[in-house]
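Here the sequence shown stands for residues 127 to 463, where the numbers follow my numbering. Glycine is no exception: its CB is placed at the ideal position from the N, C-alpha and C atoms. Since this is a predicted model, take the numbers as computed values, not measurements. To start, the structure under review is shown below, and the notes come after it.
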Amino acid sequence: MSVVLKIGVALMGIWSAFVVAGELAPSANYAANPATLTLIDELVQEEGFDRTELITLFAKVEGKESILKAMSRPAEKTKAWYEYRKIFVTDKREREGVEFFAKHKQTFLRAEQQFGVPAEIILSIMGVETYYGRITGSYRVMDALSTLAFDYPKRSTFFTKELKSYLILSREQGVEPLDIKGSYAGAMGYGQFMPSSYRAYAIDFDDDDKIDIWNNPVDAIGSVANYFKQHGWKPGEAVIVGAKVEGMVPENLFNDGLKPKRTLDDYAQAGISVAQPPEPPLDSNASATAIKFEVEEGHEYWLGLHNFYVITRYNHSSMYAMSVYQLSQLLAAQIEE
Ligand SMILES: [Ca+2]
């Protein structure tokens with residue numbers, strides 16, 4: 127997946143901005159929209175869909191102004207780390223995570239063993255995204271994806287592709303396209319998969335011949351684990367370590383992209399070093415990325431490693447990945463046998 131957009135529905139409560147009325151008004155009827163007709167042509171020609179059925183479907187789709195408003199204020203762009211963290215790394219998410227784990231313990235352990243991804247990471251993703259499947263979004267996915275495909279020009283290519291994937295997915299899984307609900311960005315189920323990710327990474331983990339990450343927690347757990355494995359999670363490796371900064375360190379060494387591209391040794395020479403060497407010790411040639419987060423008073427420093435980067439493949443944000451990691455550590459302390 128080249129462009130990920132997975133904004134947990136948990137964020138939906140914090141939008142506050144209102145944009146001038148009228149600027150964000152979605153189209154009235156998508157069935158008569160030229161861009162919709164182009165997409166319908168593609169689905170008919172490439173995928174063998176029925177044109178009349180698609181036109182009937184799109185006539186029932188509703189553009190949502192609230193979706194366009196939500197898109198303009200993602201928390202990753204408007205919150206400092208210490209504010210963002212308070213939304214996700216909470217006692218409530220920890221408590222509900224312990225309960226969810228207890229209910230599905232054998233499935234988590236099986237996923238951990240089969241995919242090499244720690245149970246607490248899988249669990250934490252579900253906690254951050256949807257409170258363990260409790261809040262998976264209240265928009266019809268057809269409305270969300272159509273609004274963004276046809277009335278949000280900045281990302282229209284991406285969302286048109288997702289809308290196309292969604293229609294193919296609905297047919298593959300035998301569901302009515304209008305029945306499925308998700309986030310304002312069209313992310314679905316326990317782990318908030320976008321349709322293209324659903325088709326690429328979701329799996330049948332309870333062997334009932336259906337891949338259902340909308341309602342089936344077992345498939346959802348296996349699918350999140352598979353997503354991490356396919357994106358290169360390395361079992362047993364550290365995720366992120368605290369850093370200390372000494373001397374005059376150039377500001378541009380921090381928050382310089384999510385992908386680790388300098389070695390720990392490079393960073394140490396520049397004055398950014400591992401605060402407390404972990405066990406087992408890190409290889410000084412390991413690639414890392416230096417992160418500077420704003421806290422109430424001043425800043426904190428981290429060195430994100432390969433597995434930290436893998437978490438950002440779920441949502442392209444260092445604050446997101448850090449929240450997932452920190453919640454996972456709280457959960458790990460509770461679910462250990
Ligand atoms: Ca299944």
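Would residue i and residue j qualify as a contact pair, given that the criterion is a beta-carbon distance under 8 Å?
i	j	result
residue 410	residue 387	no
residue 304	residue 186	yes
residue 237	residue 351	yes
residue 275	residue 262	no
residue 397	residue 373	yes
residue 395	residue 336	no
residue 401	residue 368	yes
residue 346	residue 312	no
residue 224	residue 461	yes
residue 228	residue 235	no
residue 221	residue 257	no
residue 164	residue 156	no
residue 403	residue 364	no
residue 328	residue 349	yes
For residue i, which residues from the same chain have a beta carbon less than 7 Å from its beta carbon, with the 5 sequence-adjacent residues on both sides left out?
i	result
residue 343	230, 259, 316
residue 177	166, 170
residue 214	254, 449, 453
residue 324	295, 314, 339
residue 152	189, 190, 191, 194, 273, 277
residue 436	354, 357, 358, 359
residue 418	380, 381, 425, 427
residue 173	294
So, with DSSP's three-state summary, where would you put residue i?
i	result
residue 427	strand
residue 215	coil
residue 148	In this prediction, residue 148 scores a pLDDT of 48, lower than 50, which makes its location untrustworthy; no coordinate-derived value is stated.
residue 458	helix
residue 195	helix
residue 412	coil
residue 261	coil
residue 173	helix
residue 234	helix
residue 242	coil
residue 417	strand
residue 385	coil
Got a sec? Which residues, its chain only, sit under 8 Å from residue i by beta carbon, not counting five neighbours each side?
i	result
residue 355	241, 242, 243
residue 322	127, 287, 288, 291
residue 376	396
Identify, in the order they occur along the chain, each residue of the same chain with its Cβ nearer than 6 Å to the Cβ of residue i, setting aside the five sequence neighbours on each side.
i	result
residue 206	420
residue 135	Bear in mind that a pLDDT of 42 at residue 135, under 50, signals an unreliable position, so the model cannot answer this.
residue 146	In this prediction, residue 146 has a pLDDT of 43, which is less than 50 and means its spatial position is unreliable; what the coordinates show is noted afterwards. Closer than 6 Å at the Cβ level, and outside the excluded window around residue 146, lies no residue.
residue 434	365, 366, 447
residue 233	344, 347
Output the boundary residues of the alpha helix (DSSP H) element that contains residue i.
i	result
residue 350	343-356
residue 253	245-256
residue 432	432-438
residue 268	267-277
residue 299	282-299
residue 327	321-327
Provide the residue span of the beta strand (DSSP E) that contains residue i, from first to last.
i	result
residue 370	366-371
residue 399	398-400
Can you confirm whether residue i, when its beta carbon is compared against all beta carbons of chain D, has any partner nearer than 8 Å?
i	result
residue 267	Given the protein chain composition of this structure (a single chain), no chain D is represented.
Considering only heavy atoms of ligand 1, list every residue whose Cβ is less than 5 Å from one of them, following chain order.
Qualifying residues, in the order they occur: 330, 332, 334, 336, 345.
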